[in-house]
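Undergrad:
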Amino acid sequence: MDSEQAVDFAQLWTCAQPNVFSYIASAVRNLADAEDVLQSTATVAVRKFPDYDPSRPFIAWVIGIARFEILNYLRSHSNDRHDFIDEEFLATLASAYEVIHEELDARRHALRSCLSILKGRARQVIEHRYLNGMKTGAVASGLGLSPGNVSVILNRAYKQLRECIENRIATEVTL
Amino acid sequence: MNELIIRYLNEENSLAEDQQVIDWVKASEENAKEFARISSLHGQLRMELQGCGKEVVGCEPVETKDCRMIRFPLQRIGKLVALAASVVILFAVVLSKRRDAPVAHLVQTKGVEWVGDAITLDSYLEPQSLQFKSGLMRLLFDSGVEVTIKGPARYEIVSGNRAILNSGVLVAYVPPSAEGFTVDTPNLEVVDLGTSFGVLASPGGVDVSVFKGEVELNSVASNIREKLTEGRSASMRNGNLEVMDIDVNPFESLWYVASGIANSSDNFKFALPWTRAMRACRDDDHIYIFAERHASPLESDLKLNATQPGIYPESTDVAKDIVKAGTIVRSYLIQFNPGPPNPDNRGFRDIVGEISFADPIVGLIFRAEDLGASDYLTSSRTPFRPEGRGLEPSGGNYSDMIEFSQDRRTLSLRFHERVTSWDQVRVIVAPRRSF
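From first to last, the protein sequence lines stand for chains A and B.
Quick note on this note's numbering: the first sequence kicks off at -6 and runs consecutively.
Quick note on this note's numbering: the second sequence kicks off at 48 and runs consecutively.
Rendered as structure tokens:
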């Protein structure tokens, strides 16, 4: 990879990384593990970038690499919850991410502003779940709540965020 | 369905509910898009809260924060990426200690000439590049994966389950628990599916051979995804993959070290793992060694005929010592099986040889009945015939003899065999598993 390619790669990756990570986290639901898969995807992408055909969308190319990396992960971490995530599911989802990646970028930008609407317990639960990567049971123990309670709080927080995101996107489109 | 998807992402569904979500996504493109909208929130929240979501205008980042999402392989692209990182500030990373932890031991070397600083035997290696001009080395990953590399080679440990072979030859053994171990090469990715395989990476292309099990070959650039099964080889040249019958030649010279053998006299021959016809491994002038099972726990107690250094067999040798079920051992079978009678051998044949193992010998099995009882360790797919096996003390200058060295690594052997029978000794070794 020469210096020009390195700059090109960095810029393309910058744009693609959030959606690549979301794609990976859709199948690898343990977020720390999803980061490992993102790491290996980046490693392979850097190495193979000289072979990348710029006439193809970068997001499609790099999600193709992520798909292989997810399959590798699932093979080496086989369990009941992983066994039915198959190639067809990953391929179908990859196509969806490729088609709506610009919409997903817009939703992510909206999310940044919307996070501020979460207050109190909702903010605490979301931070434990996503900043600290804790599962619902661990969040419940940490906050002295029941797992059912945490699930309800999480669901309400997602709903609030989705509504806020959609309102913001609608407003931007109207403007 | 929204609630099911959220519960899927949080791993709160029953398996049937998870299956329902997966089937729904596969049912239509629109469903998949809706799933992507919901599931993307899952990943985006992680990135935003970790400070990895940057303010992006037209995909040009204008703000930076530390982010521990990604560590780029800086050693691979070095200054070039450093330059890119200065242009695109998103390359700021916090190196995760967990990811930099050592993942493999250098357990065996033979005549290695390093490029740059030498790495000492027994070093516990972090992800890093290894480059050497000649010789052989064996790495033992924490996962149990064993990789033997022959120089000249450039090999890179990326993580505990991934490595890159830029050039050189390797053979890998991957235990079932480490399935998914991946060897990447300049134009082909080799993913283990529970197997033993070899890879040769050269400027001309990549060759892969599967000795046991199967691997998956992937190339995003060439749109290749193909399974390669036991006894088959594949050759990747100019973006084209050709599959053929196994070609073992590139890998033969690695097999001694790959099997944990340190040295042997010239009259030892290695029975390669794809040579499963035991009866074919016979001639007047060679002792054959078969690598049997890799390090794994014994299914049942194992009777040994000798556990201490000394000279064997003696008339008093009986199966008196036991290795308990559950003990992790590696086993080998040494065999001398002279060819058919001819005017030269006149019905008998003598041979002497010496072999040293990388790991300490726990004990030996050489009585016919005890060999039979331990045959479940074998790599052979055809049963041994029961008669004429093992060593029997006969006294005098023409008896069989094994000298088991004080350091527990070396066996000096003298076999005196009728051409209608075969001398066999099973060697049980304590493999290096942890440090």
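Every residue gets a Cβ at the ideal spot worked out from N, C-alpha and C, and that includes glycine.
Since this is a predicted model, take the numbers as computed values, not measurements.
Is the shortest distance between the beta-carbon of A:Thr89 and the beta-carbons of chain B less than 7 Å?
TA: The residue you asked about is not Thr; residue 89 of chain A is Ala in the sequence shown. So yes, A:Ala89 belongs to the interface.
Undergrad: With DSSP as the reference, label B:Val376 as helix, strand or coil.
TA: strand
Undergrad: Per the contact definition of three or more C-beta pairs closer than 8 Å, is the segment 342 to 357 of chain B in contact with the segment 290 to 304 of chain B?
TA: no
Undergrad: Assign B:Gly227 to one of three DSSP states: helix, strand, or coil.
TA: Three-state result, B:Gly227: coil.
Undergrad: Does A:Ile162 have its Cβ less than 7 Å from a Cβ in chain B?
TA: no
Undergrad: In whole angstroms, what separates the C-alpha of B:Ala74 from that of A:Ile162?
TA: 27 Å
Undergrad: What residues in the segment 244 to 275 of chain B have a beta carbon less than 7 Å from any beta carbon of chain A?
TA: Asn265, Val267, Ala268
Undergrad: Between which residues of its own chain and B:Leu51 is the CB-CB distance below 7 Å, once the five residues before and five after are set aside?
TA: Asn60, Glu64, Gln67, Val68
Undergrad: Using DSSP bridges, identify the partner residues of B:Lys259.
TA: B:Ser243
Undergrad: Can you tell me whether DSSP reads B:Met48 as helix, strand or coil?
TA: coil
Undergrad: Restricting to Cα atoms, I'd like to know which of B:Arg479, B:Tyr335, B:Gln382 is closest to B:Thr374.
TA: B:Arg479
Undergrad: Rounded to whole angstroms, what's the CA-CA distance from B:Asp169 to B:Thr195? Just pull it up for me.
TA: 15 Å
Undergrad: Thinking B:Gly569 and B:Ala248 are a contact (beta carbons under 8 Å), I'd like their distance in whole angstroms, please.
TA: Past the edges of chain B, shown from 48 to 482, lies residue 569 of chain B, and the structure says nothing about it.
Undergrad: How would you list, in chain order, the residues of chain B whose beta-carbon sits under 9 Å from the beta-carbon of A:Ser33?
TA: Val205, Ser206, Asn208, Arg209, Thr229
Undergrad: Alpha carbons only, please: which of B:Thr457, B:Phe462, B:Met448, B:Ser343 is nearest the one belonging to B:Phe395?
TA: For B:Phe395, the nearest C-alpha among the options comes from B:Phe462.
Undergrad: Check B:Ala94 in the structure and name its three-state DSSP category.
TA: The sequence as given places Met at residue 94 of chain B; Ala does not occur at that position. Three-state result, B:Met94: helix.
Undergrad: Is the closest heavy atom of the ligand HEM to the C-beta of B:Arg201 under 6 Å?
TA: The ligand HEM is absent from the structure shown, which contains no ligand whatsoever.
Undergrad: Run through the DSSP bridge pairs and tell me what B:Gln382 is partnered with.
TA: B:Tyr335, B:Gln471
Undergrad: Between B:Cys328 and the rest of its own chain, which residues show a CB-CB distance below 6 Å, the 5 nearest in sequence each way excluded?
TA: Ala318, Tyr335
Undergrad: Hey, how far is the Cα of B:Asn285 from the Cα of A:Val37?
TA: 19 Å
Undergrad: Any beta-carbon of chain B closer than 7 Å to the one on A:Pro47?
TA: At a cut-off of 7 Å between C-beta atoms, A:Pro47 does not count as an interface residue with respect to chain B.
Undergrad: Once you ignore the five residues that flank B:Ser280 on each side, which residues in its own chain have a CB closer than 8 Å to its CB?
TA: Asp254, Val255, Ser256, Val257, Val290, Met291, Asp292, Ile293, Asp294
Undergrad: Rounded to whole angstroms, what is the Cα-Cα separation between A:Thr164 and A:Arg105?
TA: 15 Å
Undergrad: Take the Cβ of B:Leu62 as the centre, count every other Cβ of all protein chains shown within 10 Å, and call the residue buried at 16 or more, exposed below.
TA: exposed
Undergrad: Rounded to whole angstroms, how far is the Cβ of B:Phe413 from the Cβ of B:Tyr379, which I believe are closer than 8 Å?
TA: That pair is no contact at about 13 Å.
Undergrad: To the nearest angstrom, how far is the alpha carbon of B:Val72 from that of B:Leu264?
TA: 27 Å
Undergrad: Report the residue from B:Asp417, B:Ser300, B:Arg209, B:Tyr202 whose alpha carbon sits nearest the alpha carbon of B:Val474.
TA: Looking at the Cα atoms, B:Asp417 is the closest of the given residues.
Undergrad: Among the candidates B:Glu277, B:Pro356, B:Asp422, B:Asp406, whose CA atom is the shortest distance from the CA of B:Ser347?
TA: B:Asp422
Undergrad: Give a yes or no on whether 7 Å exceeds the smallest Cβ distance from A:Gln153 to chain B.
TA: no
Undergrad: Can you name the start and end residues of the alpha helix (DSSP H) that A:Ala133 belongs to?
TA: 129 to 136 is the extent of the alpha helix (DSSP H) around A:Ala133.
Undergrad: Put A:Arg105 into one of helix, strand or coil per three-state DSSP.
TA: helix
Undergrad: Would you kindly check if the distance between the Cβ of B:Gly227 and the Cβ of B:Thr242 is under 7 Å?
TA: When the beta-carbon positions are compared, B:Thr242 and B:Gly227 stay at least 7 Å from each other.
Undergrad: So does the segment 124 to 134 of chain A actually touch the segment 61 to 72 of chain A, counting three or more Cβ pairs closer than 8 Å?
TA: no
Undergrad: Can B:Gly245 and B:Val218 be called in contact, C-beta distance under 7 Å?
TA: yes
Undergrad: Is the separation between the beta-carbon of B:Lys371 and that of A:Ala89 shorter than 7 Å?
TA: Between B:Lys371 and A:Ala89, the C-beta gap is not smaller than 7 Å, which leaves the two residues out of contact.
Undergrad: Looking only at C-alpha atoms, which of B:Val472, B:Glu173, B:Asn208, B:Val409 sits nearest to B:Ala420?
TA: B:Val472
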